[in-house]
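Visitor: First residue of the sequence shown? That's 0 in numbering that gives the first Met the number 0, and the numbers climb one at a time after it. C-beta: ideal position from N, C-alpha, C; glycine also. Given the structure is predicted, the values throughout are model-derived calculations rather than measurements.
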Amino acid sequence: MSKKSLKDGDIVITGEKLGVVEEFLPDKQSTFTKDGKIFAIKTGMININNKERKIEISTHQEKDRKVVKIGDIVIGSILFLRQYSVGINFCTINKKIHFNSSYFGNIHVSQISDRYVERISDAFQITDIVRARVVEQNYTEYKLSTTGKDLGVIYADCVICGDPLKKIGYNKLKCDRCGNVESRKLTSDYGNVTNNLRF
Ligand SMILES: [Zn+2]
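(1) Strictly closer than 6 Å from CB to any heavy atom of ligand 1: give me those residues in the order they appear in the chain.
(2) Which first and last residues belong to the beta strand (DSSP E) in which S120 is found?
(3) Please classify R114: is it buried, with 16 or more other beta-carbons within 10 angstroms of its beta-carbon, or exposed?
(4) For S144, does the three-state DSSP call read helix, strand or coil?
(5) With respect to 7 Å, is the separation between the Cβ of E181 and the closest non-hydrogen atom of ligand 3 below this value?
(6) Whose C-beta lies closer than 8 Å to the C-beta of T32 among residues of the same chain, with five residues either side of it excluded?
(7) What residue ranges within the region 42 to 88 form continuous beta strand (DSSP E) runs of no fewer than 3 residues, ordered along the chain?
(8) Between I245 and K68, what straight-line distance do the alpha-carbon atoms span, to the nearest angstrom?
(9) For S187, collect the residues of the same chain with a Cβ closer than 6 Å to its Cβ; drop the 5 residues on either side in sequence, then sort them by chain order.
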């Protein structure tokens with residue numbers, strides 16, 4: 000009767016009993032089931048998905064992975080503009096900063112917005128900080144997308160004087176210092192992104 004009940008985040012060792020199949024839907028990669036009981040295949044942290052009742056064991060290393068996967072949200076800065084795409088250097092994956100890793104991605108003009116983008120320079124400028132989704136991998140290059148209201152430019156400096164630009168309308172920015180008005184593909188939280196939230 001003294002059996003402890005395991006919870007999300009608990010550390011378990013290989014072979015440890017996690018529960019029964021009536022309680023959880025066991026993950027096939029990290030657990031095995033025998034006579035209706037679920038056991039850990041490896042040592043790690045319990046991960047319980049309460050909605051689906053799924054249970055799995057994952058390690059810190061896996062959670063902190065540096066491998067970029069399709070669907071990941073990344074943040075980076077615009078390196079250069081081409082006629083039909085922009086080059087972006089990114090170093091964060093799903094809100095974790097990876098200073099020692101640098102990845103290169105491209106955003107094609109068709110992947111910038113749900114709306115038609117005539118000129119790349121209406122959406123991005125060099126040094127803009129951009130939040131994007133990974134949509135395709137081609138060896139060491141990633142294709143990114145900024146369609147959707149949460150993706151796009153989260154921070155931009157004035158191209159003339161370098162002061163931070165303020166949002167004055169849908170996809171419109173203005174510099175208070177020199178009065179310059181510029182266009183970008185903005186996120187809905189442009190300007191509200193704190194230093195912490197940028198990553
Ligand atoms: Zn300015």
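Guide: Well, looking at it:
(1) Proximity to ligand 1 was defined by a C-beta distance below 6 Å to any of its heavy atoms, and the residues meeting it, in sequence along the chain, are C157, I159, C160, D162, C174, R176, C177, N179.
(2) By one-based count along the sequence shown, residue 120 stands at place 121. Following the DSSP letters along the chain, one finds S120 in no beta strand (DSSP E), marked with neither H nor E.
(3) The count along the sequence shown starts at 1 and reaches residue 114 at position 115. Exposed.
(4) Numbered from its first residue, the sequence shown carries residue 144 at position 145. Taken through DSSP and simplified to helix, strand or coil, S144 comes out as strand.
(5) Here the bound small molecules are ligand 1; ligand 3 is not part of this structure.
(6) If you number the sequence shown from 1, residue 32 lands on position 33. Taking T32 as the centre and dropping the five residues before and after it, the same chain places the C-beta of V20, P25, F38 closer than 8 Å to its C-beta, in chain order.
(7) Segments of the beta strand (DSSP E) lying fully in the region 42 to 88: 43 to 48, 53 to 57, 72 to 80.
(8) Because the chain is modelled from 0 through 198, residue 245 falls outside the range shown and cannot be assessed.
(9) Within the sequence shown, residue 187 is the residue found at index 188, counting from 1. The answer, listed in chain order, is K148.
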